[in-house]
Amino acid sequence: MVGAGISTPSGIPDFRSPGSGLYSNLQQYDIPYPEAIFELGFFFHNPKPFFTLAKELYPGHYRPNVTHYFLRLLHDKELLLRLYTQNIDGLERASGIPASKLVEAHGSFVSATCTVCRRSFPGEDIWADVMADKVPRCPICTGIVKPDIVFFGEQLPARFLLHTADFALADLLLILGTSLEVEPFASLSEEVQKSVPRLLINRDLVGPFALSPRRKDVVQLGDVVHGVERLVDLLGWTQELQDLIQQEHGKVQMLSSGAQSSSTSSVHCSLCIAGC
Ligand code: CNA
13 MVGAGISTPS GIPDFRSPGS GLYSNLQQYD IPYPEAIFEL GFFFHNPKPF FTLAKELYPG
73 HYRPNVTHYF LRLLHDKELL LRLYTQNIDG LERASGIPAS KLVEAHGSFV SATCTVCRRS
133 FPGEDIWADV MADKVPRCPI CTGIVKPDIV FFGEQLPARF LLHTADFALA DLLLILGTSL
193 EVEPFASLSE EVQKSVPRLL INRDLVGPFA LSPRRKDVVQ LGDVVHGVER LVDLLGWTQE
253 LQDLIQQEHG KVQMLSSGAQ SSSTSSVHCS LCIAGC
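Every letter in the sequence shown is one number past the one before it in this note's numbering, and letter 86, counting from 1, is 98.
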């Protein structure tokens with residue numbers, strides 16, 4: 013289970029970290045209160061703030077970091093049963109984890125739906141409008157086309173129901189970079205059997221780890237990249253992870269050197285985080 017905290021090392025602010033989180037820095041979005049950005053009522057009144065955030069988070073702007081590649085390595089080793097993410101930044105896919113292994117519980121930008129006639133569109137169809145600060149409109153009925161991000165009160169994607177089978181099968185639950193404050197996602201952490209160890213790697217002690225810890229719970233507090241690197245070291249996978257990151261970087265470099273745009277200036281390095 014992962015949340016916004018695994019993507020802060022890629023340069024994407026989370027919601028709740030004091031000072032750096034989106035909730036502390038919402039002046040640029042011109043919204044009355046933080047949650048408004050994901051409320052349908054406010055969206056129909058003024059969709060621009062959401063699309064300003066969407067433009068920022070659209071795939072391609074940011075790059076996966078060590079944490080995403082660690083999860084990819086778990087997949088490569090056939091140890092990843094499923095990755096449940098609350099993130100909408102698409103960095104799990106960007107790290108090479110196949111969609112079949114993902115439950116993007118709060119949606120993604122991969123697809124979009126007309127809010128009036130409910131036609132579905134591939135996310136890339138509205139990309140140009142979003143990048144040009146235009147509210148995308150349905151070519152058929154002119155309704156606003158909204159990326160398939162789950163707003164407050166909206167149903168979670170049908171794939172979320174996979175949790176009813178997955179959590180009973182798990183023999184280890186990793187919980188990385190989340191405040192465990194958003195339901196129903198947060199309660200998934202209670203669905204593994206009592207005998208199953210749960211490992212939290214996060215800056216703060218959150219959810220059941222603070223309120224009702226279990227005997228087999230393990231907590232590594234602090235920066236998620238540091239915590240993951242420590243775990244990877246204990247597993248003896250450090251070289252393998254570095255090789256994977258180098259290999260994926262090579263692919264991105266080949267793509268960006270072939271591309272005509274100058275967008276590489278906003279690419280973030282997953283090795284040094286800043287841009288080595
Ligand atoms: P949150 O409520 O903002 O909590 C983030 C948690 O991660 C907090 O406990 C932080 O202390 C912790 N954290 C942040 N950075 C680090 C770090 N470097 N190392 C260790 N811990 C860190 O975010 P949640 O995901 O729990 O909340 C769910 C919301 C946030 C979902 O609806 C998301 O859609 C939404 N969100 C997603 C993104 C994204 O896609 N990257 C960004 C911002 C918000």
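Just so you know, even glycine gets a beta-carbon here, dropped at the ideal spot from N, CA and C. Remember, predicted model here, so these are calculated numbers, not experimental data.
Inter-residue spacing [alpha-carbon to alpha-carbon] between residue i and residue j
{"i": "P154", "j": "Q167", "result": "One point to set straight first is that residue 154 is Thr, not Pro, in the sequence displayed. So the alpha carbons of these two residues sit roughly 24 Å apart."}
{"i": "S274", "j": "H73", "result": "Model confidence at S274 stands at a pLDDT of 39, short of 50, so the residue's coordinates are unreliable; what they give is reported in the following sentence. Computed Cα separation, rounded: 12 Å."}
{"i": "Q251", "j": "C129", "result": "51 Å"}
{"i": "A144", "j": "K60", "result": "12 Å"}
{"i": "R94", "j": "S107", "result": "15 Å"}
{"i": "G189", "j": "R242", "result": "15 Å"}
{"i": "C288", "j": "R75", "result": "Bear in mind that the predicted position of C288 carries a pLDDT of just 30, short of 50, making it too unreliable to give a figure here."}
{"i": "S199", "j": "L192", "result": "8 Å"}
{"i": "G262", "j": "E136", "result": "24 Å"}
heavy atom of the ligand CNA below 7 Å from residue i C-beta
{"i": "N77", "result": "no"}
{"i": "T64", "result": "no"}
{"i": "G15", "result": "yes"}
{"i": "V122", "result": "no"}
{"i": "Q98", "result": "yes"}
{"i": "G189", "result": "yes"}
{"i": "I43", "result": "no"}
{"i": "P21", "result": "yes"}
{"i": "F163", "result": "no"}
{"i": "V236", "result": "yes"}
{"i": "V244", "result": "no"}
Cβ neighbour criterion (16 or more within 10 Å) applied to residue i
{"i": "T20", "result": "buried"}
{"i": "I152", "result": "exposed"}
{"i": "E195", "result": "exposed"}
{"i": "Q259", "result": "exposed"}
For residue i, the three-state DSSP class (helix, strand or coil)
{"i": "E116", "result": "strand"}
{"i": "V122", "result": "strand"}
{"i": "I100", "result": "coil"}
{"i": "D160", "result": "strand"}
{"i": "S207", "result": "coil"}
{"i": "P134", "result": "strand"}
{"i": "L93", "result": "coil"}
{"i": "Q232", "result": "strand"}
{"i": "V14", "result": "strand"}
{"i": "I257", "result": "helix"}
message = Closer than 8 Å is the cut-off here; do at least three beta carbon pairs connect the stretch 197 to 209 with the stretch 175 to 184?
response = The answer is yes - the stretch 175 to 184 touches the stretch 197 to 209, with three or more Cβ pairs under 8 Å.
request  = Would you be able to state if there are at least three C-beta pairs under 8 Å between the stretch 40 to 50 and the stretch 219 to 231?
outcome  = No: fewer than three Cβ pairs fall under 8 Å.
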